[in-house]
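Asks: End of the sequence shown sits at 267 in our numbering; the numbers just go up one at a time, nothing left out.
C-beta: ideal position from N, C-alpha, C; glycine also.
This structure is a prediction, so every number in the text was calculated from the model and none was measured.
I'd like to ask some things about the structure below.
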Amino acid sequence: MAPEHRGEADPLQARLAAAEKLARRAGTKARAFFLDRDTLHPISKSDSQDLVSEADRGIEAWLRRQIARQFPLDGIVGEEEATTEGSSGFVWVIDPIDGTMPFLVGQPNWTVSIGLARDGEPVAGAIHAPMLRETYTAAAGGGARLNGHPLAMNLDWNVASTTIGFGATQKASPQEAGAFVEALYREGGVLFRVGSGALMLAYVAANRLAGYYDPTLHCWDCWAGIVLIREAGGVATFDGDFGNPGPIWAGNRQVHDTLRRLSGAAA
Ligand code: IPD
Ligand code: CA
Ligand code: CA
1 MAPEHRGEAD PLQARLAAAE KLARRAGTKA RAFFLDRDTL HPISKSDSQD
51 LVSEADRGIE AWLRRQIARQ FPLDGIVGEE EATTEGSSGF VWVIDPIDGT
101 MPFLVGQPNW TVSIGLARDG EPVAGAIHAP MLRETYTAAA GGGARLNGHP
151 LAMNLDWNVA STTIGFGATQ KASPQEAGAF VEALYREGGV LFRVGSGALM
201 LAYVAANRLA GYYDPTLHCW DCWAGIVLIR EAGGVATFDG DFGNPGPIWA
251 GNRQVHDTLR RLSGAAA
């Protein structure tokens with residue numbers, strides 16, 4: 001065990017337990033903002049559908065304080081503040097509210113997403129959907145769970161078996177988004193979108209969607225979800241990193257590969 005982790009029973013399990021607790025507590029705070037959302041002052045960050053409010057900023061600041069107090073040597077990458085460098089090899093990858101648009105307009109489909117990287121690899125995640133009363137958790141080698149119940153992805157599905165999550169925002173090229181939708185419908189697929197990449201990945205892990213594709217996702221949108229997918233027996237590929245957004249494909253092996261093909265990605 002690395003010297004910085006001596007004395008910790010199991011550094012990954014300790015962080016997964018903390019991530020789950022923090023996601024729930026942050027969710028309670030977010031829910032209070034949600035129920036009083038008419039008093040918020042959202043502003044646009046990059047385009048008319050990329051918004052931020054004092055709820056996003058306040059909850060990320062709170063999460064950062066909690067993480068720094070409990071794991072002072074860990075790094076933190078989050079949506080609303082600059083990266084905190086760490087020295088433990090662990091990095092927390094956090095989105096205080098994934099699905100800010102649904103949150104602001106009163107839809108229940110938004111989440112708190114807390115992922116963990118160890119030496120750059122996704123190793124744990126907790127996604128909490130307060131209004132849906134759902135908490136998804138996963139850690140490398142330990143399986144994926146929804147409210148404590150193990151998740152196992154359907155390995156027989158193809159893209160036409162049930163709906164496919166598609167996350168394209170205004171950042172996506174209209175031509176590429178249109179081409180993907182046309183290609184998917186030609187293959188017998190149908191679209192689904194809830195405005196939270198984390199929730200769509202969780203839905204894939206829970207067999208509520210056959211797969212998910214987003215041409216431009218940030219690490220904080222998908223880090224926890226990637227662990228969920230892999231631990232539920234599926235495949236997720238993310239071509240972004242901590243500093244850059246990128247496309248993500250997720251599903252069972254067959255669906256993942258088909259989504260890559262339909263989006264024009266290299267095999
Ligand atoms: C967004 C959601 C959405 C995805 C966008 C993200 P935000 O995150 O995950 O589903 O399509 O690319 O930016 O801004 O609501 O945290
Ligand atoms: Ca997000
Ligand atoms: Ca967010």
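Can you list, in chain order, every residue whose CB sits closer than 5 Å to a heavy atom of ligand 2?
Replies: Taking each Cβ in turn, the ones that pass are Asp95, Asp98, Asp221.
Asks: Rounding to the nearest angstrom, what Cα-Cα distance links Ala210 and Thr169 in this structure?
Replies: Computed Cα separation, rounded: 20 Å.
Asks: Have a look at Arg193, Thr83, Phe192 and flag the residue whose alpha-carbon is nearest the alpha-carbon of Asp241.
Replies: Minimum Cα distance to Asp241 is reached at Thr83.
Asks: From this set, Phe103, Leu116, Ala61, which residue's C-alpha is nearest Gly86's C-alpha?
Replies: Out of Phe103, Leu116, Ala61, Leu116 has the C-alpha closest to the C-alpha of Gly86.
Asks: Can you give the Cα-Cα distance for Trp249 and Leu40, rounded to whole angstroms?
Replies: Their Cα atoms are separated by approximately 34 Å.
Asks: Got a sec: does ligand 1 put a non-hydrogen atom nearer than 7 Å to the Cβ of Asp214?
Replies: Yes, the Cβ of Asp214 comes within 7 Å of a heavy atom of ligand 1.
Asks: Have a look at the DSSP bridge pairing and note the partners of Arg118.
Replies: The partner list for Arg118 (beta bridge, DSSP) reads Phe90, Glu121.
Asks: Please report how far the alpha carbon of Trp220 lies from the alpha carbon of Ile114, in whole angstroms.
Replies: Cα to Cα, the separation comes out at about 8 Å.
Asks: What do you reckon, are the CB atoms on Ala124 and Leu16 nearer than 8 Å?
Replies: Against a cut-off of 8 Å, the Cβ pair of Leu16 and Ala124 comes out as a contact.
Asks: Report buried or exposed for Ser278, applying the criterion of at least 16 other Cβ atoms within 10 angstroms of its Cβ.
Replies: With the chain represented from 1 up to 267, any question about residue 278 goes unanswered, as that position is not in the structure.
Asks: Compare the beta carbon distance of Phe192 and Tyr213 with 8 Å and say whether it is the shorter of the two.
Replies: Not a contact, by the Cβ cut-off of 8 Å.
Asks: Could you give the first and the last residue of the continuous beta strand (DSSP E) run that contains Ala144?
Replies: Start and end: 144-146.
Asks: Would you identify the three-state DSSP class for Ala9, choosing helix, strand or coil?
Replies: DSSP places Ala9 in coil when its eight states are reduced to three.
Asks: Compute the Euclidean distance between the alpha carbons of Val105 and Ala9, then round it to the nearest angstrom.
Replies: Going from the Cα of Val105 to the Cα of Ala9 covers about 43 Å.
Asks: Quick check: what's the CA-CA separation for Met153 versus Gly75?
Replies: Going from the Cα of Met153 to the Cα of Gly75 covers about 31 Å.
Asks: Within a Cβ cutoff of 8 Å, which residues of the same chain sit near Ala198, ignoring the five residues on either side of it in sequence?
Replies: Asp95, Asp98, Gly99, Thr111, Ser113, Ile127, Asp221, Cys222, Ala224, Gly225, listed in sequence order.
Asks: How would you call Glu231, buried or exposed, if buried means at least 16 neighbouring beta carbons within 10 angstroms?
Replies: Label assigned to Glu231: buried.
Asks: Please report the straight-line C-alpha distance between Pro11 and Ala23, rounded to a whole angstrom.
Replies: One C-alpha to the other measures close to 18 Å.
Asks: For Thr258, count neighbouring Cβ atoms within 10 angstroms of its own Cβ and tell me buried if that reaches 16, exposed if not.
Replies: Under this definition Thr258 is a buried residue.
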